[in-house]
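Counting from 31, one number per residue, gives the positions in the sequence shown under the numbering used here.
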Amino acid sequence: MLEITSIHERQHFCVLFLVVMLLCFFTNNLSLSSKLNTTRCFENDRKFLLNIHQGCSSGYNISYIHECCDWPGITCSSLTGRVIGLDLWVFLDNCFWGAEYPTSLRPSSISLKDLVSLQVDMDGVTFSKGFSSFITSFPNLKHLYLESYEEPGIAIPMELGNLTRLETFEVNSYSNTMYANTLKMFSRLSSLKRLVLSSVFLKEATDWLNVVSNLSHLEHLDLSFCRLPRAIYHSQRGVNSSKSLSYLDFSFNNLDASSSWSWILNHSSLNSLLISHNQLAGSIPNNFKRMTSLSHLDLSYNRLDGQLPSSLLGLCGLRNLDVSQNRRLQGDLSRIFQSLSCAKESLTVLSLQRNLFSGLLPDLTMFSRLSKLTLHSNRLNGSLPSYANRSTMASSLTVFDVHNNQLTGSVPDLSALRSLRVLKLQNNKLNGSVHPGLGQLSRLKHLDVSSNSLKGDLGISHFANLSSLRYFDISFNSLTMNIGCSWVPPFRLETIGLASCNVGSRFPEWLRTQTNYSRLDLSNSGISDTVPFWFWNLSSVATFISLSRNRLHGKLPMDLSFKYYMNPAIDLSFNFLEGTIPSFFGNTVYLNLSRNSFYGPVSFLCLNSFTLGIDLSHNIFSGNFPNCWSNFETMSVMDLSNNSFSGQLPCSLGNLSSLQSLHLRHNKFSGKLPMSLCNLTYLFDLDLGDNLFTGEIPGCLGTMLKNLTILSLRNNSISGNIPPQLCHPSVQILDLSTNNISGVIPKCLCDTNSNDAEKEPTCGYV
Numbered sequence: 031m032l033e034i035t036s037i038h039e040r041q042h043f044c045v046l047f048l049v050v051m052l053l054c055f056f057t058n059n060l061s062l063s064s065k066l067n068t069t070r071c072f073e074n075d076r077k078f079l080l081n082i083h084q085g086c087s088s089g090y091n092i093s094y095i096h097e098c099c100d101w102p103g104i105t106c107s108s109l110t111g112r113v114i115g116l117d118l119w120v121f122l123d124n125c126f127w128g129a130e131y132p133t134s135l136r137p138s139s140i141s142l143k144d145l146v147s148l149q150v151d152m153d154g155v156t157f158s159k160g161f162s163s164f165i166t167s168f169p170n171l172k173h174l175y176l177e178s179y180e181e182p183g184i185a186i187p188m189e190l191g192n193l194t195r196l197e198t199f200e201v202n203s204y205s206n207t208m209y210a211n212t213l214k215m216f217s218r219l220s221s222l223k224r225l226v227l228s229s230v231f232l233k234e235a236t237d238w239l240n241v242v243s244n245l246s247h248l249e250h251l252d253l254s255f256c257r258l259p260r261a262i263y264h265s266q267r268g269v270n271s272s273k274s275l276s277y278l279d280f281s282f283n284n285l286d287a288s289s290s291w292s293w294i295l296n297h298s299s300l301n302s303l304l305i306s307h308n309q310l311a312g313s314i315p316n317n318f319k320r321m322t323s324l325s326h327l328d329l330s331y332n333r334l335d336g337q338l339p340s341s342l343l344g345l346c347g348l349r350n351l352d353v354s355q356n357r358r359l360q361g362d363l364s365r366i367f368q369s370l371s372c373a374k375e376s377l378t379v380l381s382l383q384r385n386l387f388s389g390l391l392p393d394l395t396m397f398s399r400l401s402k403l404t405l406h407s408n409r410l411n412g413s414l415p416s417y418a419n420r421s422t423m424a425s426s427l428t429v430f431d432v433h434n435n436q437l438t439g440s441v442p443d444l445s446a447l448r449s450l451r452v453l454k455l456q457n458n459k460l461n462g463s464v465h466p467g468l469g470q471l472s473r474l475k476h477l478d479v480s481s482n483s484l485k486g487d488l489g490i491s492h493f494a495n496l497s498s499l500r501y502f503d504i505s506f507n508s509l510t511m512n513i514g515c516s517w518v519p520p521f522r523l524e525t526i527g528l529a530s531c532n533v534g535s536r537f538p539e540w541l542r543t544q545t546n547y548s549r550l551d552l553s554n555s556g557i558s559d560t561v562p563f564w565f566w567n568l569s570s571v572a573t574f575i576s577l578s579r580n581r582l583h584g585k586l587p588m589d590l591s592f593k594y595y596m597n598p599a600i601d602l603s604f605n606f607l608e609g610t611i612p613s614f615f616g617n618t619v620y621l622n623l624s625r626n627s628f629y630g631p632v633s634f635l636c637l638n639s640f641t642l643g644i645d646l647s648h649n650i651f652s653g654n655f656p657n658c659w660s661n662f663e664t665m666s667v668m669d670l671s672n673n674s675f676s677g678q679l680p681c682s683l684g685n686l687s688s689l690q691s692l693h694l695r696h697n698k699f700s701g702k703l704p705m706s707l708c709n710l711t712y713l714f715d716l717d718l719g720d721n722l723f724t725g726e727i728p729g730c731l732g733t734m735l736k737n738l739t740i741l742s743l744r745n746n747s748i749s750g751n752i753p754p755q756l757c758h759p760s761v762q763i764l765d766l767s768t769n770n771i772s773g774v775i776p777k778c779l780c781d782t783n784s785n786d787a788e789k790e791p792t793c794g795y796v
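Below, the structure is given as structure tokens:
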């Protein structure tokens with residue numbers, strides 16, 4: 031028994047000894063590692079970086095105590111401790127140079143010999159000749175990134191050709207702030223794999239196609255937004271074109287089919303091909319059979335026509351196909367979907383909108399991964415397929431957009447589309463009911479069925495689980511909101527469209543819960559009620575509110591202190607509202623109170639100089655015209671007709687420099703027409719009829735208002751001659767009837783309906 035205990039004690043001692051030895055080993059290693067960490071920064075690297083930073087006129091004061099591998103923007107090798115990465119923008123922390131790059135940035139005996147990655151922000155820098163030499167003084171540089179967002183006219187250095195080991199050259203340029211008149215500096219970069227020149231101005235670089243054709247190791251090429259000149263590809267023997275090019279982006283250029291297709295289709299290794307927003311015209315070549323790796327193809331916003339080629343639709347790895355906005359592509363949609371059957375397990379995005387595709391909307395159940403389907407603005411007809419209780423269908427569908435077609439029938443049960451977030455069915459010919467299964471789409475954020483002929487009731491079940499809904503528009507249908515007064519919706523909407531629907535005679539109580547909407551349209555919705563006080567306190571971020579064409583009555587609250595932070599457009603026209611106008615309406619960008627019974631002063635109009643339009647017509651407003659228009663430079667429409675305004679027009683009216691339409695008809699304005707009206711050079715519609723104006727017609731109305739199309743001064747007390755300047759060709763309607771005008775009628779206004787072409791128009795007198 032004692033012997034056994036002794037054995038156990040020896041084992042316990044051995045284990046303890048082993049643990050102690052391991053602890054000692056790790057402690058020594060940690061100590062050694064700590065010492066290495068404090069000395070791993072090479073002195074030459076440190077000196078080089080300090081010289082750079084000392085040339086800075088301002089910026090982050092780096093600590094000279096810490097070793098350089100811990101400085102911001104610096105990356106060191108974990109094996110050698112040498113600096114291998116330098117981000118100058120981060121390292122210098124928003125430093126701005128003085129007159130030119132400091133001497134320390136020019137080549138010297140001290141350099142970062144092992145540097146492989148360099149990132150330079152070009153803004154705030156005045157370039158010296160030393161800059162190009164600086165970025166090319168690193169013999170092992172493989173990755174070079176240049177950024178420019180502000181300084182215009184920065185040329186890509188020709189000395190880049192000396193960086194023979196460069197694998198990545200990437201430019202982040204905003205709106206063509208950088209440029210290159212040639213790309214021959216890249217001809218010697220035989221190791222280049224990634225070339226990104228997006229937004230670099232290359233309009234003069236006519237050699238671009240020949241240069242990139244000889245980069246034999248190129249894998250990623252981005253020449254988007256470059257204004258590429260048209261170039262002709264000459265297929266030559268001996269051209270060492272890349273066999274590994276997988277990403278190609280020529281978007282937003284001026285490429286046409288003749289100069290592009292032959293070169294592009296020669297790269298069978300492409301995975302992503304993006305050529306949107308170009309001038310590609312004609313039919314799409316049927317030469318995609320060899321491009322078996324192609325997964326993303328974007329040909330949108332071109333001028334392509336004809337049908338989609340079979341070699342394209344037969345690509346089994348296709349994930350994203352976008353041929354939208356070509357306007358003239360055509361074909362039967364069912365056949366297209368059938369041809370895409372090889373990609374039924376890979377296709378995730380299909381965008382065919384704004385073309386001439388026709389036929390019935392096919393079943394989507396075959397595409398198990400389809401996430402986004404946009405087919406709007408085509409010629410599709412027939413009814414919507416039902417997707418109810420189909421566990422095998424593409425439950426990943428998030429966007430279903432078929433608006434602006436010719437679809438008919440009902441909105442069927444779509445409850446199986448459980449991932450759906452966007453459903454756009456507007457501007458079709460749907461003429462049935464809406465299935466309550468719609469209310470089961472708990473992830474739905476955007477629902478638009480407006481401008482159809484849908485009918486029937488929408489009950490609580492239609493909205494039961496729509497907790498994610500933010501955009502809701504059922505306008506211009508024959509739908510009835512049958513939800514009761516006590517209903518509390520599960521959503522918080524940002525856009526509410528109920529125009530020309532039936533929401534009931536009472537003002538919708540459920541709107542009290544919608545405190546964050548930006549757009550609300552309840553026009554022509556059958557409401558016969560007062561506007562509750564709480565309505566005006568709902569959303570401070572509203573940009574558009576329309577309650578027009580109802581039977582609203584009563585007065586607006588005068589003591590409301592609520593503020594709209596977004597200066598909304600408000601339309602209360604065609605109702606039975608009355609009373610004076612609260613001052614908070616002066617903070618609107620557009621205000622339409624026409625066809626009501628409002629009265630009182632209109633001084634509230636002077637509160638917001640950013641107002642774009644005002645319509646107070648057909649009310650009973652009175653008093654003088656406000657004289658506060660000196661700073662209203664954005665006002666384009668003003669209609670105060672059919673009221674009881676009086677007095678003279680103020681001279682400040684001529685400061686409305688953007689005004690296009692001015693209607694003051696049927697008031698009691700008097701006095702002479704102010705000469706300042708001639709400053710309204712954008713005015714095309716001027717109606718001052720049915721007032722008490724006197725004096726003569728200013729001739730400058732014809733000479734200064736070059737856009738004037740309609741001029742009505744009828745039924746006033748205007749005297750004098752008709753100015754010949756009104757014979758401006760833009761004037762199409764001129765009504766001067768029922769005035770005190772006398773004298774000779776200008777020839778341009780005479781009767782020219784004569785059978786004798788040689789006779790001059792006969793003019794008379796007023």
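The beta-carbon is built from N, C-alpha and C at its ideal position, and this holds for glycine as well.
For T724, the uninterrupted beta strand (DSSP E) run begins and ends at 722-724, by DSSP. Taken in chain order, the complete alpha helix (DSSP H) segments of 4 or more residues contained in the region 197-241 number zero; there are none. CA-to-CA, the gap between L683 and I513 works out to about 50 Å. Closest in C-alpha terms to L253, from the list H297, S306, L79, K273, comes S306. Between S558 and R579, the CB-CB gap reaches or exceeds 8 Å.
Looking at the DSSP output, F699 bridges to G677.
A Cβ-Cβ distance of about 13 Å is found for the pair L484 and L453, leaving them out of contact under the 8 Å criterion.
P704 is not a Cβ neighbour of L686, given a cutoff of 8 Å. In the three-state reduction of the DSSP assignment, I490 falls in the helix class, which pools H, G and I.
Close CB contacts of L642 within its chain, under the 6 Å cut and outside five residues either way in sequence, are with V619, Y620, T664, S666 (chain order).
Assigned with DSSP and collapsed to three states, S652 falls in strand. Of the other Cβ atoms in all chains shown, fewer than 16 fall within 10 Å of the Cβ of F563; this residue is therefore exposed. The shortest CA-to-CA distance from E524 to any of S535, L541, V518 is the one to L541.
Rounded to whole angstroms, the Cβ separation of L193 and T166 is 6 Å, and the two are in contact under 8 Å. Restricting attention to C658, D487, L239, the CA atom closest to the CA of N638 is found in C658.
Per DSSP, T404 lies in no alpha helix (DSSP H) segment; the continuous beta strand (DSSP E) that holds it begins and ends at 402-404. Shortest Cα-Cα distance from N605 to any of M596, L586, L590, S613 involves L586. It is roughly 6 Å from the alpha-carbon of R384 to the alpha-carbon of N408.
Out of T110, S107, L116, S108, the CA that lies nearest to the CA of L80 is found in L116. Counting of Cβ neighbours within 10 angstroms places C256 among the buried residues, the total reaching 16 or more. Under DSSP, N751 takes part in no beta bridge, so it has no partner.
Between S107 and D75, the C-beta spacing is not below 8 Å. About 7 Å separates the Cβ atoms of F628 and L607, confirming a contact at the 8 Å cut-off. Ranked by how close their Cα comes to the Cα of E197, the residues T207, M188, Y175 have Y175 in first place. Between L359 and G336 a beta carbon distance of about 7 Å is seen, short of the 8 Å cut, so the two are scored as contacting.
Its chain contains R257, L258, P259, R260, N308, Q309 as the residues whose beta carbon lies nearer than 8 Å to that of N284, once the 5 sequence neighbours on both sides are disregarded; these appear in chain order. When secondary structure is reduced to three states using DSSP, F430 falls in the strand class.
Here T110 is exposed, its C-beta having fewer than 16 other C-beta atoms within 10 Å. When rounded, the separation of the alpha-carbon atoms in C346 and R399 is 13 Å. In the three-state DSSP reduction, R320 falls in the coil class, being neither helix nor strand. In its chain, beyond the 5 residues on either side, L310, A311, G312, S313, I314, V353, N356, R358, L359 have a beta carbon closer than 8 Å to the beta carbon of L334. At a Cβ-Cβ threshold of 8 Å, S505 and S481 count as neighbours.
For K585, the enclosing beta strand (DSSP E) begins and ends at 583-585. S340 has its alpha-carbon roughly 47 Å from the corresponding atom of Y547.
In the displayed model, C106 falls within a strand according to three-state DSSP.
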